[in-house]
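Beneath this line is the structure, given in structure tokens, with notes to follow.
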Amino acid sequence: MIRRILPKGRAPHICVVGAGMAGMRCAQVLSDKGMKVTVFEGRDRLDAAKGPNWIHGTDHNPFIDLAEETDTTTFSVPEKSALFDEFGHPLPEDKAAQYSEVVWGMISDAFKYSNEHSASIPQTRSLRDYLEERVKDKGLTKAEERIVLQMAEMWGAFVGDPLERQSLKFFWLEECIEGENLFVASTYKSILSHIATTTLAHTTVHLSTKVMTIESLPPSPPTSPNPSVRVTTSTGTIHIFDEVIMTAPLGYLKRNLSTFVPPLPPRLTSAIANISYGRLEKVYITFPHAFWDSPPSSSSTPNGDLCPIYLTSHRLAFAATMPPPQTSPAQAAHAVSYGQVIEYIQDRIYLASYTHPPDEATPFPYPRATSRSPQKRSSKSQRGPTPAPVSTGPKVHPPVYFTIDDSLLYNAFHADFGPLHIGHLYRFAVTLHDYLGDPANEGRGVVFWSMADSRSRANAACLLACYMVLIQGWAPHLALAPIAQADPPLMPFRDAGYSQADYVLNVQDVVYGVWKAKEEGLCGLRDFSLEEYERFERVDMGDFNWLTPQFLAFASPQHPPIAPIPTSSPLYATLPTTLAAVKSSSLPQPFKNVLCHFSSRNIGLVVRLNSELYCPSYFTALGINHLDMIFDDGTCPPLALVKKFIKLAHETITTKHKAIAVHCKAGLGRTGCLIGAYLIYRHGFTANEIIAFMRFMRPGMVAPSANGGGKTA
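Residues in the sequence shown are numbered from 1 upward in steps of one, following UniProt numbering.
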């Protein structure tokens with residue numbers, strides 16, 4: 001990392017080891033910033049990787065632009081594939097699809113289970129242990145269970161480690177660049193040549209020149225703040241550089257640790273020895289912006305810094321890596337706001353994001369305002385934010401800061417990250433009110449802050465705006481006004497899929513959806529039970545949520561047998577018909593919770609949208625009607641089915657005064673589609689508003705369509 005001060009006027013001289021894609025791009029960026037760059041490559045060509053390559057993810061991936069500029073041949077690989085059992089026999093498509101749904105469902109369940117029970121899960125328990133236990137509850141034969149577990153091994157191959165090596169305690173779903181994966185049929189050659197065209201004009205490149213030693217030299221004289229690096233090559237030449245950047249492959253580092261003098265510290269050599277191609281245990285770092293590409297005229301340029309272009313927020317992160325004896329202009333700073341500090345209520349509530357946790361020394365842009373006459377408002381619904389004060393008065397007390405980043409976490413299904421749900425809002429409101437009501441905070445502003453990454457900023461802004469609407473009674477446009485010009489703009493929310501998102505929701509959709517539900521009497525916190533919400537949303541407790549007072553969404557129970565039991569059958573008499581009988585039965589606990597809750601909460605109809613995974617007679621024995629309206633996952637339901645559901649739901653709610661429980665496999669996609677259709681019909685939501693509101697009540701609601709044509713709602 002470049003981090004020293006050079007004599008005025010001298011350009012830093014940087015050595016880049018490796019002339020592959022990373023090395024040449026690095027050389028280009030450095031030379032564009034006015035640095036002198038020398039590149040060493042051991043082979044006789046720029047790109048060491050001559051074979052075919054991949055571009056993983058097409059969404060905001062600069063390689064796509066480079067591929068188009070250079071007419072590089074790429075194509076999508078068909079996602080449909082044939083599956084064979086261990087004897088080489090092809091599996092029928094319907095069976096393969098069924099088993100695949102079971103596999104991905106169990107992996108998704110494992111992720112959720114790991115997040116909820118991480119503290120109590122033994123470190124020795126693997127993902128395979130969990131899958132072997134769960135597959136027994138899927139109503140499959142022993143042969144089918146074996147096939148499903150064999151298919152699950154494909155997950156291990158996908159992420160780079162077998163299932164038995166993946167920890168259930170720390171299980172995490174991979175976060176990828178969104179979009180499809182493209183096969184680069186013509187290799188990276190044209191792309192690298194394009195990059196090298198401009199790079200070679202300002203950079204010295206030595207091919208067929210291996211680096212033999214990289215030796216860190218002490219400052220000369222000792223009082224100088226500028227140590228240097230001596231590089232010896234296979235040609236016998238010696239070069240002196242200010243810094244060396246290593247872009248050689250991991251395999252090179254493993255074989256050539258003796259290149260470094262003095263030896264690399266154990267923390268680095270241990271990492272190099274343990275990390276390998278295809279291994280899962282890796283860490284990557286992302287930045288909100290490519291701060292190294294800032295324009296040379298940037299006002300944040302510090303005089304005398306070796307690397308002239310750093311944004312303030314990133315200089316903080318950079319300074320944190322420096323040993324204590326060194327100094328940097330950034331080290332004197334504390335937590336710098338990323339974007340604006342937004343005022344919601346004058347002198348009281350603020351929203352901000354920071355690159356590091358703020359403290360009392362953190363600069364705060366709002367001085368204590370002088371008192372002003374209260375503004376008249378036309379109605380209670382028009383209460384909203386006050387404009388930022390224009391005052392030169394002294395700030396009497398520093399504000400108090402709090403965040404929910406480390407306490408109220410969103411359990412992602414795949415690539416989704418929010419919005420946070422109503423349970424999060426409830427806990428947030430309690431925390432905020434504790435800060436506001438604390439006598440020690442009288443006369444102090446309260447800053448609700450998040451980390452500076454795009455996801456945290458969006459969730460924090462959305463949560464505070466929903467709080468203003470749902471609890472403080474603000475009109476939605478007033479709750480959104482302070483964040484309307486947020487800079488950088490707030491990241492939109494996406495669905496719970498893992499492919500490229502083609503339909504997003506913004507914070508405005510969520511706020512207006514919550515406000516509409518509040519106005520229609522569908523959502524409020526007066527009768528909300530946080531304990532019940534957090535208990536029953538868990539997979540092992542039933543996996544269900546009330547969306548409105550009339551609709552409950554839940555995941556399909558799974559318990560054999562699955563065929564209906566005729567009322568004339570002797571078996572029907574053995575079914576539990578009371579709450580006490582349900583509780584004393586041998587049914588799985590999630591199914592027990594579903595039956596008990598439904599029976600005690602006036603649910604008169606259960607609608608099943610997926611293939612059978614349980615016997616409906618368990619519901620009918622308790623006096624709850626059950627109806628199948630099955631359609632394929634990832635598809636839009638037929639219009640006739642939608643009309644039938646709306647008519648039936650309207651009759652059940654308005655005439656019979658009963659609530660309705662709807663489920664598909666996970667209780668998200670198909671379930672949200674039909675419930676959303678009725679709520680649009682009955683209450684006049686827009687599509688975006690109802691999707692956003694349902695995800696606020698039950699994360700993941702409404703899934704992407706299987707053919708990429710938007711949502712299934």
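No residue lacks a Cβ here, since even glycine has one placed at the ideal position from N, Cα and C.
### Task
Work out the CA separation of alanine 452 and threonine 355 for me, nearest whole Å.
As a working mapping, residue 355 is identified with position 355 in the sequence shown. As a working mapping, residue 452 is identified with position 452 in the sequence shown. Their Cα atoms are separated by approximately 5 Å.
### Query
With distances taken between CB atoms, is the gap from serine 447 to alanine 352 smaller than 8 Å?
Locating residue 447 in the sequence shown gives position 447, where the first residue counts as 1. Locating residue 352 in the sequence shown gives position 352, where the first residue counts as 1. The identity of residue 447 in the sequence shown is valine, whereas the question assumes serine. The answer is yes: Cβ separation under 8 Å.
### Same chain, Cβ closer than 8 Å to valine 184, five either side skipped, listed in chain order
Locating residue 184 in the sequence shown gives position 184, where the first residue counts as 1. Excluding sequence neighbours, valine 184 sits near Pro52, Asn53, Trp54, Ile55, Ala67, Thr72, Thr73, Thr74.
### Task
Output yes or no for whether 8 Å exceeds the beta carbon distance between tyrosine 426 and leucine 530.
Indexing the sequence shown from 1 puts residue 426 at position 426. Indexing the sequence shown from 1 puts residue 530 at position 530. A contact, by the Cβ cut-off of 8 Å.
### Message
Measuring CB atoms only, is the segment 652-659 touching the segment 598-610, in the sense that at least three cross pairs come out at less than 8 Å?
### Response
yes
### Query
Is the number of C-beta pairs between the segment 494-509 and the segment 413-430 that are closer than 8 Å three or more?
yes
### Query
What's the C-alpha gap between proline 263 and serine 208?
Indexing the sequence shown from 1 puts residue 263 at position 263. Indexing the sequence shown from 1 puts residue 208 at position 208. Taking the straight line joining both Cα atoms gives about 25 Å.
### Task
For the alpha helix (DSSP H) containing threonine 194, list its first residue and its last residue.
In the sequence shown, counting from the first residue as 1, residue 194 sits at position 194. Going by the sequence as given, residue 194 is histidine instead of threonine. Element bounds for histidine 194: 189-200.
### Query
Can you name the start and end residues of the beta strand (DSSP E) that serine 230 belongs to?
Residue numbering aside, residue 230 sits at position 230 when the sequence shown is read from its first letter. Looking at the sequence provided, one finds arginine at residue 230 rather than serine. Counting along the chain, the beta strand (DSSP E) containing arginine 230 begins and ends at 228-233.
### Query
What are the start and end residues of the beta strand (DSSP E) that includes leucine 217?
For this step, residue 217 is matched to residue 217 along the sequence shown. Counting along the chain, the beta strand (DSSP E) containing leucine 217 begins and ends at 211-217.
### Query
Can you list, in chain order, the stretches of the alpha helix (DSSP H) that have 4 or more residues and sit fully within the UniProt domain "Tyrosine-protein phosphatase" (571-713)?
579-584, 589-600, 617-620, 639-654, 669-683, 687-697
### Task
Less than 8 Å between the CB atoms is what I'm expecting for alanine 496 and alanine 461, so what's the real figure, rounded?
As a working mapping, residue 496 is identified with position 496 in the sequence shown. As a working mapping, residue 461 is identified with position 461 in the sequence shown. Actually they are not in contact, since the Cβ atoms of alanine 496 and alanine 461 sit about 21 Å apart, beyond 8 Å.
### Task
On the DSSP bridge assignment, give the partners of valine 507 in chain order.
Locating residue 507 in the sequence shown gives position 507, counting from the first residue. Answer is none; valine 507 lacks a bridge partner.
### Message
Quick check: the Cα distance between leucine 587 and glutamate 651, rounded to an integer number of angstroms?
### Response
Here the question's residue 587 lines up with position 587 in the sequence shown. Here the question's residue 651 lines up with position 651 in the sequence shown. Computed Cα separation, rounded: 32 Å.
### Message
If I follow the unbroken alpha helix (DSSP H) through tyrosine 435, where does it start and stop?
### Response
Reading the sequence shown from its first residue, position 435 is the one you call residue 435. Its alpha helix (DSSP H) spans residues 422-437.
### Message
On the DSSP bridge list, what partners appear for tryptophan 54?
### Response
Along the sequence shown, read from residue 1 onward, the residue named residue 54 stands at position 54. DSSP lists Phe183 as partners of tryptophan 54.
### Query
Where phenylalanine 528 and leucine 163 are concerned, what is the direct C-alpha to C-alpha distance, given to the nearest angstrom?
Against the sequence shown, residue 528 aligns to sequence position 528. Against the sequence shown, residue 163 aligns to sequence position 163. Taking the straight line joining both Cα atoms gives about 40 Å.
### Task
Answer yes or no: do serine 617 and tyrosine 678 have a C-beta to C-beta separation smaller than 8 Å?
The count along the sequence shown starts at 1 and reaches residue 617 at position 617. The count along the sequence shown starts at 1 and reaches residue 678 at position 678. Going by C-beta atoms, serine 617 is not nearer than 8 Å to tyrosine 678.
### Buried/exposed call for residue 780, threshold 16 Cβ in 10 Å
Lying outside 1 to 713, the shown extent of the chain, residue 780 is not represented and no answer is given.
### Query
Which residues mark the beginning and the end of the beta strand (DSSP E) in which arginine 206 is found?
In the sequence shown, residue 206 corresponds to position 206, counting from 1. Checking the sequence, you will find histidine at residue 206 rather than arginine. Unbroken beta strand (DSSP E) run through histidine 206: 203-206.
### Query
How long is the line joining the alpha carbons of glutamine 166 and glutamate 132, rounded to whole angstroms?
Numbered from its first residue, the sequence shown carries residue 166 at position 166. Numbered from its first residue, the sequence shown carries residue 132 at position 132. Going from the Cα of glutamine 166 to the Cα of glutamate 132 covers about 14 Å.
### Query
Is any heavy atom in the ligand FMN found nearer than 7 Å to the beta carbon of alanine 501?
In the structure on display, the ligand FMN does not appear, and there are no ligands present to speak of.
#### Entry: Of the residues Ala361, Leu420, Asp406, His424, the one placed nearest proline 399, counting alpha carbons only
By 1-based counting over the sequence shown, the position of residue 399 is 399. Answer by Cα proximity: Ala361.
### Task
Name the residue from Ser100, Leu470, Lys643, Phe551 whose alpha carbon lies nearest to the alpha carbon of tyrosine 512.
The count along the sequence shown starts at 1 and reaches residue 512 at position 512. It is Leu470.
#### Entry: Three-state secondary structure (DSSP) of lysine 169
In the sequence shown, counting from the first residue as 1, residue 169 sits at position 169. Of the three classes helix, strand and coil, the one that applies to lysine 169 here is coil, per DSSP.
### Task
Would you mind working out which of Pro357, Ile275, Phe364 sits nearest aspartate 161, comparing C-alpha positions?
Along the sequence shown, read from residue 1 onward, the residue named residue 161 stands at position 161. When each option's Cα is compared against that of aspartate 161, the closest is Ile275.
### Message
Just verifying my parser: in three-state terms, what is the DSSP assignment at residue 714?
### Response
Nothing in the structure corresponds to residue 714, since the chain is present only between 1 and 713.
### Task
Taking only the alpha-carbon atoms, compute the straight-line gap between valine 148 and serine 108 and give it to the nearest angstrom.
Your numbering for residue 148 matches position 148 in the sequence shown. Your numbering for residue 108 matches position 108 in the sequence shown. Answer to the nearest angstrom: the Cα atoms are 15 Å apart.
### For isoleucine 107, the first and last residue of its enclosing alpha helix (DSSP H)
The count along the sequence shown starts at 1 and reaches residue 107 at position 107. Taken as a continuous stretch (DSSP letters only), the alpha helix (DSSP H) holding isoleucine 107 covers 93-117.
### Task
Consult DSSP for proline 385 and reduce its assignment to one of helix, strand or coil.
Residue mapping note: residue 385 aligns to position 385 of the sequence shown, counting from 1. Summary for proline 385: the model assigns pLDDT 44, below 50, so the residue's position carries little reliability, and this model does not support an answer.
### Query
When burial is assigned at 16 or more other CB atoms within 10 Å of the CB, is lysine 516 buried or exposed?
Counting from one through the sequence shown, the residue named residue 516 turns up at place 516. Buried: at least 16 other Cβ atoms inside 10 Å.
### Query
How do the segment 254-262 and the segment 32-45 stand: do at least 3 beta-carbon pairs fall below 8 Å, yes or no?
no
### Query
From what residue to what residue does the beta strand (DSSP E) around threonine 74 run?
As a working note, residue 74 is residue 74 in the sequence shown. Counting along the chain, the beta strand (DSSP E) containing threonine 74 begins and ends at 74-76.
### Query
Using the beta-carbon count (16 or more within 10 Å), is residue 719 buried or exposed?
Since the first and last residues shown for the chain are 1 and 713, residue 719 lies out of range.
### Query
Of the choices Asn115, Gly57, Met151, Val77, whose alpha-carbon is the least far from that of leucine 91?
Position 91 of the sequence shown, counting from 1, holds the residue named residue 91. When only C-alpha atoms are compared, the closest one is Met151.
### Pair within 8 Å by beta-carbon distance, proline 699 and histidine 397
As a working mapping, residue 699 is identified with position 699 in the sequence shown. As a working mapping, residue 397 is identified with position 397 in the sequence shown. Taking 8 Å as the Cβ cut-off, proline 699 and histidine 397 do not qualify as a contacting pair.
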